[in-house]
Amino acid sequence: MDVMTYAKNQTLREQVYKAYISRASEVGITSTEFDNKAIMDEILSLRQEMATILGFKNYADLSIEGKMVESTEQVIDFLNDLVDRSKAQAQQELDELQSFAGVELMPWDLMYYSEQLKEKKFGFKKSELTPYFPEKKVLSGLFSTIENLYGISLREIEEKTYHADVKVLEITNTDGLVGRIYLDVYAREDKRGGAWMADYQALVNENKPVAFVVCNLNSPTEGKQALFEFDEIVTLFHEFGHALHHVLTKVPYPSAAGIAGVPWDGVELPSQYMEFFCYEKEVVELLSEHWQTGESLPDELYDKVIDSKNYQSAMQMLRQCEFSLWDLRTHMSSEDTYKVLKEVRSKTALMSSIGENRFLNTFGHIFSGGYAAGYFSYKWAEVLAADAYYYVQAQGGIGSDASRSFMHNILEIGGSLDYMQQYVKFRGKKPSISALLQSNGIDN
(Lines of atoms letter the chains of each structure in order from A; the text may use other names.)
(Lines give C-alpha, C1' and ligand atoms only; values in the text may rest on other atoms or scores of the structure.)
Protein backbone atom coordinates (compact mmCIF):
# COMPACT_ATOMS: atom_id res chain seq x y z
CA MET A 1 0.00 0.00 0.00
CA ASP A 2 1.63 3.22 -1.19
CA VAL A 3 0.07 5.35 1.58
CA MET A 4 1.56 3.16 4.30
CA THR A 5 4.96 3.10 2.60
CA TYR A 6 5.42 6.67 1.45
CA ALA A 7 2.97 9.02 3.24
CA LYS A 8 4.84 11.28 5.67
CA ASN A 9 1.67 12.19 7.56
CA GLN A 10 1.46 9.78 10.50
CA THR A 11 -2.17 10.65 11.23
CA LEU A 12 -3.13 9.73 7.68
CA ARG A 13 -1.22 6.46 7.92
CA GLU A 14 -2.98 5.64 11.19
CA GLN A 15 -6.41 6.35 9.71
CA VAL A 16 -5.75 4.22 6.63
CA TYR A 17 -4.25 1.39 8.68
CA LYS A 18 -7.16 1.23 11.13
CA ALA A 19 -9.73 1.37 8.33
CA TYR A 20 -7.93 -1.41 6.46
CA ILE A 21 -7.22 -3.73 9.38
CA SER A 22 -10.80 -3.58 10.68
CA ARG A 23 -12.63 -4.25 7.41
CA ALA A 24 -15.69 -6.52 7.48
CA SER A 25 -15.85 -6.55 11.28
CA GLU A 26 -17.92 -5.24 14.19
CA VAL A 27 -15.39 -2.45 14.78
CA GLY A 28 -14.92 -1.40 11.16
CA ILE A 29 -15.93 1.90 9.63
CA THR A 30 -18.59 0.19 7.52
CA SER A 31 -21.92 -1.16 8.74
CA THR A 32 -21.79 -4.17 11.06
CA GLU A 33 -24.00 -6.00 8.55
CA PHE A 34 -20.76 -6.68 6.65
CA ASP A 35 -19.11 -8.36 9.67
CA ASN A 36 -17.65 -11.67 8.46
CA LYS A 37 -17.12 -13.28 11.89
CA ALA A 38 -20.31 -15.37 11.88
CA ILE A 39 -19.57 -16.57 8.35
CA MET A 40 -16.02 -17.50 9.36
CA ASP A 41 -17.29 -19.50 12.33
CA GLU A 42 -19.80 -21.31 10.11
CA ILE A 43 -17.10 -22.16 7.55
CA LEU A 44 -14.87 -23.59 10.29
CA SER A 45 -17.76 -25.57 11.77
CA LEU A 46 -18.68 -27.07 8.40
CA ARG A 47 -15.06 -28.01 7.73
CA GLN A 48 -14.91 -29.81 11.06
CA GLU A 49 -18.18 -31.58 10.28
CA MET A 50 -16.82 -32.72 6.91
CA ALA A 51 -13.61 -33.99 8.53
CA THR A 52 -15.60 -35.95 11.11
CA ILE A 53 -17.81 -37.55 8.45
CA LEU A 54 -14.69 -38.62 6.55
CA GLY A 55 -13.15 -40.17 9.66
CA PHE A 56 -10.59 -37.51 10.60
CA LYS A 57 -10.07 -36.00 14.03
CA ASN A 58 -10.11 -32.46 12.64
CA TYR A 59 -9.94 -30.53 9.38
CA ALA A 60 -6.18 -30.02 9.67
CA ASP A 61 -5.65 -33.79 9.58
CA LEU A 62 -7.92 -34.02 6.54
CA SER A 63 -6.00 -31.26 4.76
CA ILE A 64 -2.61 -32.83 5.50
CA GLU A 65 -3.77 -36.16 4.05
CA GLY A 66 -3.26 -34.87 0.50
CA LYS A 67 0.02 -33.05 1.05
CA MET A 68 3.74 -33.88 1.02
CA VAL A 69 4.15 -33.52 4.77
CA GLU A 70 3.31 -36.51 6.94
CA SER A 71 1.38 -35.00 9.87
CA THR A 72 0.19 -31.80 11.51
CA GLU A 73 2.75 -32.39 14.26
CA GLN A 74 5.54 -32.40 11.68
CA VAL A 75 4.33 -29.07 10.29
CA ILE A 76 4.00 -27.46 13.71
CA ASP A 77 7.50 -28.62 14.64
CA PHE A 78 8.77 -27.23 11.32
CA LEU A 79 7.14 -23.84 11.92
CA ASN A 80 8.22 -23.62 15.56
CA ASP A 81 11.77 -24.42 14.48
CA LEU A 82 11.65 -21.54 11.99
CA VAL A 83 10.34 -19.21 14.71
CA ASP A 84 13.07 -20.24 17.15
CA ARG A 85 15.81 -19.78 14.56
CA SER A 86 14.49 -16.46 13.27
CA LYS A 87 13.36 -14.62 16.39
CA ALA A 88 16.69 -13.27 17.63
CA GLN A 89 17.57 -11.81 14.23
CA ALA A 90 14.05 -10.46 13.83
CA GLN A 91 14.39 -8.64 17.15
CA GLN A 92 17.68 -7.14 15.96
CA GLU A 93 15.96 -5.96 12.77
CA LEU A 94 13.15 -4.35 14.76
CA ASP A 95 15.61 -2.72 17.18
CA GLU A 96 17.50 -1.26 14.22
CA LEU A 97 14.26 0.13 12.81
CA GLN A 98 13.24 1.55 16.20
CA SER A 99 16.61 3.28 16.57
CA PHE A 100 16.37 4.73 13.08
CA ALA A 101 12.81 6.00 13.50
CA GLY A 102 13.52 7.72 16.81
CA VAL A 103 9.86 7.41 17.84
CA GLU A 104 7.80 4.71 19.48
CA LEU A 105 6.83 2.50 16.57
CA MET A 106 3.18 1.77 15.94
CA PRO A 107 1.87 -0.73 13.38
CA TRP A 108 1.16 2.07 10.87
CA ASP A 109 4.78 3.23 11.12
CA LEU A 110 6.49 -0.01 10.14
CA MET A 111 6.21 0.14 6.36
CA TYR A 112 7.03 3.85 6.22
CA TYR A 113 10.18 3.74 8.33
CA SER A 114 11.23 0.42 6.84
CA GLU A 115 11.28 2.00 3.39
CA GLN A 116 13.17 5.05 4.67
CA LEU A 117 15.75 2.87 6.42
CA LYS A 118 16.15 0.65 3.36
CA GLU A 119 16.94 3.62 1.14
CA LYS A 120 19.46 4.98 3.63
CA LYS A 121 21.05 1.63 4.40
CA PHE A 122 21.53 0.45 0.83
CA GLY A 123 21.82 3.78 -0.94
CA PHE A 124 19.32 3.37 -3.76
CA LYS A 125 15.65 3.56 -4.64
CA LYS A 126 13.71 0.98 -6.63
CA SER A 127 13.07 3.63 -9.27
CA GLU A 128 16.80 3.75 -10.06
CA LEU A 129 16.66 0.19 -11.37
CA THR A 130 13.66 0.55 -13.67
CA PRO A 131 15.41 2.30 -16.63
CA TYR A 132 17.67 -0.74 -16.96
CA PHE A 133 14.83 -3.20 -17.52
CA PRO A 134 12.94 -2.46 -20.77
CA GLU A 135 10.38 -5.05 -21.76
CA LYS A 136 12.08 -6.48 -24.86
CA LYS A 137 15.38 -7.05 -23.08
CA VAL A 138 13.67 -8.54 -20.02
CA LEU A 139 11.65 -11.01 -22.08
CA SER A 140 14.66 -11.91 -24.20
CA GLY A 141 16.69 -12.58 -21.05
CA LEU A 142 13.87 -14.57 -19.48
CA PHE A 143 13.51 -16.75 -22.57
CA SER A 144 17.28 -17.30 -22.81
CA THR A 145 17.43 -18.33 -19.16
CA ILE A 146 14.62 -20.85 -19.63
CA GLU A 147 16.21 -22.20 -22.80
CA ASN A 148 19.55 -22.68 -21.06
CA LEU A 149 17.94 -24.27 -18.02
CA TYR A 150 15.85 -26.85 -19.81
CA GLY A 151 17.19 -27.24 -23.35
CA ILE A 152 14.04 -25.93 -25.02
CA SER A 153 13.32 -23.01 -27.37
CA LEU A 154 10.80 -20.18 -26.98
CA ARG A 155 9.78 -17.90 -29.83
CA GLU A 156 6.94 -15.48 -30.37
CA ILE A 157 4.56 -16.39 -33.18
CA GLU A 158 1.82 -14.44 -34.93
CA GLU A 159 -1.59 -15.69 -33.93
CA LYS A 160 -4.97 -14.10 -33.27
CA THR A 161 -5.61 -13.62 -29.55
CA TYR A 162 -8.28 -12.20 -27.26
CA HIS A 163 -6.40 -8.87 -27.02
CA ALA A 164 -3.87 -7.09 -29.21
CA ASP A 165 -1.36 -6.88 -26.33
CA VAL A 166 -1.22 -10.65 -25.81
CA LYS A 167 1.89 -12.45 -27.07
CA VAL A 168 1.83 -16.11 -28.13
CA LEU A 169 4.96 -18.11 -27.34
CA GLU A 170 5.68 -21.41 -29.01
CA ILE A 171 7.85 -23.84 -27.06
CA THR A 172 9.81 -26.52 -28.90
CA ASN A 173 12.55 -29.05 -28.25
CA THR A 174 14.50 -31.41 -30.49
CA ASP A 175 11.38 -33.56 -30.91
CA GLY A 176 9.20 -30.68 -32.11
CA LEU A 177 6.33 -28.70 -30.60
CA VAL A 178 6.02 -28.93 -26.80
CA GLY A 179 3.28 -26.40 -26.08
CA ARG A 180 2.32 -22.73 -26.01
CA ILE A 181 2.15 -19.92 -23.49
CA TYR A 182 -0.08 -16.88 -23.92
CA LEU A 183 1.67 -13.93 -22.28
CA ASP A 184 -0.61 -11.09 -21.15
CA VAL A 185 1.58 -8.69 -19.15
CA TYR A 186 0.05 -5.20 -19.30
CA ALA A 187 -2.48 -3.71 -16.90
CA ARG A 188 -5.68 -2.48 -18.54
CA GLU A 189 -9.15 -1.35 -17.59
CA ASP A 190 -11.48 -4.08 -16.30
CA LYS A 191 -8.63 -6.59 -15.98
CA ARG A 192 -8.36 -8.48 -12.71
CA GLY A 193 -5.46 -7.30 -10.56
CA GLY A 194 -2.42 -9.33 -9.58
CA ALA A 195 -0.44 -11.96 -11.46
CA TRP A 196 -1.21 -15.60 -12.12
CA MET A 197 -0.81 -18.64 -14.35
CA ALA A 198 -3.84 -20.41 -15.76
CA ASP A 199 -3.75 -23.79 -17.45
CA TYR A 200 -5.98 -23.81 -20.52
CA GLN A 201 -5.30 -27.10 -22.30
CA ALA A 202 -3.64 -30.26 -21.04
CA LEU A 203 -1.49 -32.75 -22.94
CA VAL A 204 -4.05 -35.13 -24.44
CA ASN A 205 -3.42 -37.23 -27.54
CA GLU A 206 -2.17 -34.79 -30.21
CA ASN A 207 -3.21 -31.70 -28.26
CA LYS A 208 -0.21 -29.92 -26.76
CA PRO A 209 -0.50 -28.14 -23.40
CA VAL A 210 -1.38 -24.44 -23.35
CA ALA A 211 -1.00 -22.02 -20.43
CA PHE A 212 -1.62 -18.34 -19.76
CA VAL A 213 0.76 -16.06 -17.86
CA VAL A 214 -1.09 -12.93 -16.79
CA CYS A 215 0.35 -9.85 -15.04
CA ASN A 216 -0.53 -6.19 -14.54
CA LEU A 217 2.69 -4.40 -15.48
CA ASN A 218 3.29 -1.00 -17.05
CA SER A 219 2.45 -0.73 -20.75
CA PRO A 220 4.48 1.19 -23.37
CA THR A 221 3.87 4.95 -23.53
CA GLU A 222 4.34 7.34 -26.44
CA GLY A 223 6.50 4.99 -28.44
CA LYS A 224 8.70 4.13 -25.44
CA GLN A 225 9.11 0.53 -24.33
CA ALA A 226 7.51 -0.57 -21.09
CA LEU A 227 9.98 -0.44 -18.20
CA PHE A 228 9.69 -3.04 -15.45
CA GLU A 229 10.54 -2.86 -11.77
CA PHE A 230 12.86 -5.58 -10.51
CA ASP A 231 10.13 -7.00 -8.26
CA GLU A 232 7.93 -7.33 -11.34
CA ILE A 233 10.64 -9.32 -13.11
CA VAL A 234 10.77 -11.69 -10.15
CA THR A 235 7.00 -12.07 -10.52
CA LEU A 236 7.41 -12.89 -14.23
CA PHE A 237 9.96 -15.59 -13.44
CA HIS A 238 7.62 -16.95 -10.76
CA GLU A 239 4.61 -17.26 -13.05
CA PHE A 240 6.71 -18.77 -15.85
CA GLY A 241 7.79 -21.40 -13.34
CA HIS A 242 4.13 -22.37 -12.96
CA ALA A 243 3.55 -22.24 -16.72
CA LEU A 244 6.54 -24.47 -17.48
CA HIS A 245 5.30 -26.96 -14.88
CA HIS A 246 2.13 -27.23 -16.96
CA VAL A 247 3.60 -27.05 -20.46
CA LEU A 248 6.61 -29.34 -20.03
CA THR A 249 4.57 -32.25 -18.69
CA LYS A 250 5.01 -35.70 -20.24
CA VAL A 251 1.86 -37.03 -18.57
CA PRO A 252 -1.04 -37.49 -21.04
CA TYR A 253 -3.73 -37.57 -18.33
CA PRO A 254 -5.25 -34.18 -17.39
CA SER A 255 -5.90 -35.18 -13.77
CA ALA A 256 -2.18 -35.81 -13.18
CA ALA A 257 -0.46 -33.59 -15.76
CA GLY A 258 1.46 -30.42 -14.96
CA ILE A 259 0.24 -28.88 -11.73
CA ALA A 260 -2.82 -31.15 -11.58
CA GLY A 261 -2.58 -33.70 -8.81
CA VAL A 262 0.51 -32.08 -7.31
CA PRO A 263 0.28 -31.76 -3.50
CA TRP A 264 -0.67 -28.23 -2.45
CA ASP A 265 2.56 -27.83 -0.49
CA GLY A 266 4.58 -28.68 -3.60
CA VAL A 267 2.79 -26.57 -6.22
CA GLU A 268 4.95 -23.50 -5.54
CA LEU A 269 8.27 -25.37 -5.91
CA PRO A 270 8.79 -24.71 -9.66
CA SER A 271 7.74 -21.06 -9.38
CA GLN A 272 9.83 -20.20 -6.32
CA TYR A 273 12.76 -22.14 -7.77
CA MET A 274 12.66 -19.89 -10.86
CA GLU A 275 12.81 -16.75 -8.70
CA PHE A 276 16.33 -17.59 -7.52
CA PHE A 277 17.77 -17.17 -11.01
CA CYS A 278 16.69 -13.51 -11.16
CA TYR A 279 19.50 -12.66 -8.77
CA GLU A 280 22.34 -14.39 -10.62
CA LYS A 281 24.80 -11.93 -12.14
CA GLU A 282 24.83 -13.64 -15.54
CA VAL A 283 21.04 -13.65 -15.69
CA VAL A 284 20.77 -9.99 -14.70
CA GLU A 285 23.16 -9.18 -17.54
CA LEU A 286 20.77 -10.96 -19.92
CA LEU A 287 17.81 -9.01 -18.52
CA SER A 288 19.24 -5.50 -18.29
CA GLU A 289 19.92 -2.80 -20.87
CA HIS A 290 19.33 0.87 -20.14
CA TRP A 291 16.54 1.99 -22.43
CA GLN A 292 18.54 5.08 -23.50
CA THR A 293 22.24 4.18 -23.23
CA GLY A 294 22.11 0.41 -23.76
CA GLU A 295 24.26 -0.07 -20.65
CA SER A 296 23.78 -3.21 -18.53
CA LEU A 297 22.94 -2.77 -14.86
CA PRO A 298 26.14 -1.40 -13.24
CA ASP A 299 27.95 -3.63 -10.75
CA GLU A 300 27.35 -1.06 -8.01
CA LEU A 301 23.57 -1.23 -8.44
CA TYR A 302 23.62 -5.01 -8.81
CA ASP A 303 25.53 -5.34 -5.54
CA LYS A 304 22.94 -3.15 -3.81
CA VAL A 305 20.11 -5.32 -5.13
CA ILE A 306 21.81 -8.42 -3.70
CA ASP A 307 22.64 -6.72 -0.39
CA SER A 308 19.02 -5.59 0.05
CA LYS A 309 17.43 -8.88 -1.02
CA ASN A 310 17.03 -10.16 2.54
CA TYR A 311 16.20 -6.86 4.20
CA GLN A 312 14.09 -7.58 7.32
CA SER A 313 13.75 -11.19 6.19
CA ALA A 314 13.63 -12.54 9.75
CA MET A 315 10.74 -10.23 10.64
CA GLN A 316 8.90 -11.41 7.54
CA MET A 317 9.66 -15.03 8.45
CA LEU A 318 8.02 -14.60 11.86
CA ARG A 319 4.97 -13.00 10.29
CA GLN A 320 4.44 -15.85 7.84
CA CYS A 321 5.00 -18.44 10.56
CA GLU A 322 2.39 -16.63 12.66
CA PHE A 323 -0.19 -16.94 9.87
CA SER A 324 0.70 -20.60 9.30
CA LEU A 325 0.59 -21.61 12.96
CA TRP A 326 -2.70 -19.80 13.49
CA ASP A 327 -4.18 -21.49 10.42
CA LEU A 328 -3.23 -24.99 11.54
CA ARG A 329 -4.18 -24.54 15.18
CA THR A 330 -7.53 -22.99 14.24
CA HIS A 331 -8.35 -26.05 12.15
CA MET A 332 -7.25 -28.40 14.95
CA SER A 333 -9.58 -27.06 17.65
CA SER A 334 -12.93 -25.39 18.28
CA GLU A 335 -11.41 -22.37 20.04
CA ASP A 336 -12.33 -18.88 18.89
CA THR A 337 -10.15 -17.74 15.99
CA TYR A 338 -8.94 -14.59 17.73
CA LYS A 339 -8.16 -16.45 20.94
CA VAL A 340 -5.98 -18.83 18.93
CA LEU A 341 -4.29 -15.87 17.25
CA LYS A 342 -3.52 -14.28 20.62
CA GLU A 343 -1.90 -17.51 21.81
CA VAL A 344 0.18 -17.82 18.64
CA ARG A 345 1.26 -14.18 18.77
CA SER A 346 2.52 -14.66 22.32
CA LYS A 347 5.30 -16.75 20.75
CA THR A 348 5.79 -15.06 17.38
CA ALA A 349 5.03 -11.34 17.73
CA LEU A 350 7.63 -8.69 18.51
CA MET A 351 5.09 -5.85 18.82
CA SER A 352 1.65 -5.61 20.36
CA SER A 353 -1.34 -5.41 18.07
CA ILE A 354 -4.12 -2.84 18.36
CA GLY A 355 -7.60 -3.59 19.64
CA GLU A 356 -9.23 -2.88 16.28
CA ASN A 357 -7.16 -5.51 14.48
CA ARG A 358 -9.57 -7.86 12.70
CA PHE A 359 -7.42 -8.93 9.76
CA LEU A 360 -8.69 -12.51 10.05
CA ASN A 361 -12.09 -11.27 8.88
CA THR A 362 -10.61 -10.70 5.41
CA PHE A 363 -8.05 -13.52 5.33
CA GLY A 364 -9.07 -14.71 1.88
CA HIS A 365 -6.42 -17.42 1.58
CA ILE A 366 -8.05 -19.31 4.44
CA PHE A 367 -11.75 -18.54 4.13
CA SER A 368 -12.26 -18.17 0.38
CA GLY A 369 -9.09 -19.60 -1.18
CA GLY A 370 -7.46 -22.99 -1.21
CA TYR A 371 -5.08 -22.61 1.73
CA ALA A 372 -7.25 -23.72 4.67
CA ALA A 373 -4.97 -25.69 7.03
CA GLY A 374 -2.38 -25.31 4.30
CA TYR A 375 -0.97 -21.79 4.54
CA PHE A 376 2.31 -23.37 5.66
CA SER A 377 2.65 -24.60 2.06
CA TYR A 378 4.32 -21.32 1.11
CA LYS A 379 7.15 -21.89 3.58
CA TRP A 380 7.39 -25.60 2.83
CA ALA A 381 7.71 -24.88 -0.90
CA GLU A 382 10.39 -22.28 -0.12
CA VAL A 383 12.38 -25.00 1.63
CA LEU A 384 12.07 -27.23 -1.43
CA ALA A 385 12.95 -24.40 -3.84
CA ALA A 386 15.98 -23.20 -1.88
CA ASP A 387 17.26 -26.73 -1.38
CA ALA A 388 16.81 -27.49 -5.09
CA TYR A 389 18.48 -24.27 -6.21
CA TYR A 390 21.58 -24.64 -4.03
CA TYR A 391 21.93 -28.24 -5.17
CA VAL A 392 21.76 -27.25 -8.86
CA GLN A 393 24.28 -24.48 -8.25
CA ALA A 394 26.67 -26.91 -6.59
CA GLN A 395 26.34 -29.25 -9.57
CA GLY A 396 27.12 -26.63 -12.22
CA GLY A 397 24.12 -24.32 -12.30
CA ILE A 398 22.11 -23.38 -15.38
CA GLY A 399 22.40 -25.96 -18.15
CA SER A 400 23.93 -28.62 -15.91
CA ASP A 401 22.73 -32.20 -15.68
CA ALA A 402 21.17 -31.24 -12.35
CA SER A 403 19.06 -28.48 -13.94
CA ARG A 404 17.82 -30.95 -16.56
CA SER A 405 17.15 -33.49 -13.81
CA PHE A 406 14.84 -30.96 -12.16
CA MET A 407 12.89 -30.79 -15.41
CA HIS A 408 12.72 -34.57 -15.83
CA ASN A 409 11.91 -35.49 -12.23
CA ILE A 410 9.75 -32.54 -11.15
CA LEU A 411 8.28 -30.62 -14.09
CA GLU A 412 7.63 -33.48 -16.50
CA ILE A 413 6.00 -35.91 -14.06
CA GLY A 414 3.35 -33.53 -12.66
CA GLY A 415 1.20 -35.30 -10.08
CA SER A 416 1.56 -38.76 -11.62
CA LEU A 417 4.10 -40.03 -9.07
CA ASP A 418 4.80 -39.45 -5.37
CA TYR A 419 6.14 -35.91 -5.24
CA MET A 420 8.57 -36.40 -2.35
CA GLN A 421 9.96 -39.56 -3.90
CA GLN A 422 10.53 -37.67 -7.14
CA TYR A 423 12.21 -34.85 -5.24
CA VAL A 424 14.56 -37.33 -3.57
CA LYS A 425 15.24 -38.90 -6.97
CA PHE A 426 16.30 -35.47 -8.26
CA ARG A 427 18.11 -34.28 -5.14
CA GLY A 428 19.42 -37.49 -3.63
CA LYS A 429 17.86 -36.73 -0.24
CA LYS A 430 14.98 -34.96 1.46
CA PRO A 431 15.12 -31.14 1.65
CA SER A 432 16.84 -29.30 4.48
CA ILE A 433 15.48 -26.33 6.43
CA SER A 434 18.99 -24.86 6.43
CA ALA A 435 18.59 -24.02 2.73
CA LEU A 436 15.60 -21.80 3.52
CA LEU A 437 17.49 -20.00 6.29
CA GLN A 438 20.47 -19.52 3.98
CA SER A 439 18.32 -18.09 1.19
CA ASN A 440 16.78 -15.62 3.65
CA GLY A 441 20.11 -14.59 5.16
CA ILE A 442 19.12 -15.82 8.61
CA ASP A 443 22.24 -16.75 10.57
CA ASN A 444 21.15 -19.69 12.68
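All residue numbers for the sequence shown refer to the UniProt record's numbering, where the first residue is 1 and numbers rise by one.
From the three backbone atoms N, C-alpha and C, an ideal C-beta is built for every residue, glycine too.
Same chain, Cβ closer than 8 Å to residue i, five either side skipped, listed in chain order
| i | result |
| --- | --- |
| Leu318 | Val83, Ser86, Lys87, Ala90, Thr348, Ala349 and Leu350 |
| Glu282 | Ile398 |
| Leu97 | Leu105, Leu110, Tyr113, Ser114, Leu117 and Gln312 |
| Ser434 | none |
| Tyr17 | Met4, Pro107 and Trp108 |
| Ser219 | Asp165, Tyr186, Ala187, Arg188 and Ala226 |
| Glu14 | Met106 and Trp108 |
| Arg427 | Asp387, Ala388 and Tyr391 |
Residue i burial status per 10 Å Cβ neighbour count (16 or more: buried)
| i | result |
| --- | --- |
| Ser288 | buried |
| Ile157 | exposed |
| Thr235 | buried |
| Arg180 | buried |
| Asp265 | buried |
| Glu239 | buried |
| Val251 | buried |
| Ile64 | buried |
| Lys137 | buried |
| Asn173 | exposed |
| Phe440 | Before going further, note that residue 440 is Asn rather than Phe in the sequence given. With 16 or more other Cβ atoms within 10 Å, it is buried. |
| Pro298 | exposed |
| Ser31 | exposed |
| Thr221 | exposed |
| Tyr162 | exposed |
| Ala394 | exposed |
| Thr11 | exposed |
| Ile233 | buried |
| Thr337 | buried |
| Tyr150 | buried |
Identified DSSP bridge partners for residue i
| i | result |
| --- | --- |
| Tyr182 | Val168 and Phe212 |
| Gly176 | Asn173 |
| Met4 | Its beta-bridge partners do not exist; DSSP assigns none. |
| Asn207 | Val204 |
| Leu217 | Tyr186 |
| Pro134 | Leu227 |
Cut-off 7 Å between Cβ atoms - residues of its own chain near residue i, not counting five sequence neighbours on either side
| i | result |
| --- | --- |
| Asp199 | Ala211, His246, Gly258 and Ile259 |
| Arg58 | The amino acid at residue 58 is misidentified as Arg; the sequence shows Asn. Excluding sequence neighbours, Asn58 sits near Gln48, Ala51, His331 and Met332. |
| Pro270 | Gly241, His242, Leu244, His245, Ile410 and Leu411 |
| Gly123 | Lys304 |
Contacting residues, own chain, Cβ-Cβ under 6 Å from residue i (five flanking each side not counted)
| i | result |
| --- | --- |
| Met420 | Met68 |
| Leu139 | none |
| residue 449 | What is shown of the chain runs 1 to 444, which leaves residue 449 out entirely. |
| Phe230 | Leu129 |
| Glu135 | Gln225 and Ala226 |
| Asp184 | Val166 and Val214 |
| Leu286 | Gly141 and Ser144 |
| Val28 | This sequence places Gly at residue 28; Val is not what is there. Contacts found: Ser22. |
| Gly176 | none |
Boundaries of the beta strand (DSSP E) in which residue i is found, first to last residue
| i | result |
| --- | --- |
| Ile157 | Ser153 to Ile157 |
| Tyr200 | Trp196 to Gln201 |
Range of the contiguous alpha helix (DSSP H) that encloses residue i
| i | result |
| --- | --- |
| Gln438 | Ile433 to Ser439 |
| Cys278 | That residue, Cys278, is in no alpha helix (DSSP H); it is neither H nor E in DSSP. |
| Ala257 | Careful: Ala257 lies outside any alpha helix (DSSP H) and carries neither H nor E. |
| Leu97 | Thr72 to Ala101 |
| Leu301 | Asp299 to Ser308 |
| Ile43 | Lys37 to Ile53 |
| Asp401 | Asp401 to Phe406 |
| Thr330 | Ser313 to Thr330 |
| Glu104 | Neither: Glu104 is in no alpha helix (DSSP H) and is coded neither H nor E. |
| Phe367 | Gly364 to Phe367 |
| Arg345 | Thr337 to Thr348 |
Contact between the segment 251–259 and the segment 412–419 is defined here as three or more beta-carbon pairs at a separation below 8 Å; is this criterion met?
A contact between stretches requires three or more CB pairs, one per stretch, nearer than 8 Å, and the segment 251–259 meets this requirement with the segment 412–419.
Quick check: the segment 375–383 against the segment 317–333, are at least 3 beta-carbon pairs closer than 8 Å?
Inter-segment contact for the segment 317–333 and the segment 375–383 is present: three or more beta-carbon pairs are separated by less than 8 Å.
Three or more C-beta pairs under 8 Å: does that hold for the segment 70–83 against the segment 390–405?
no
Using 8 Å as the Cβ pair cut-off and three pairs as the minimum, do the segment 235–243 and the segment 186–201 touch?
They touch, by the three-pair rule.
Is the segment 31–38 in contact with the segment 358–369, if contact means three or more CB pairs nearer than 8 Å?
yes
With contact counted as at least three CB pairs below 8 Å, one residue from each stretch, are the segment 423–431 and the segment 383–390 in contact?
Touching, per the Cβ criterion.
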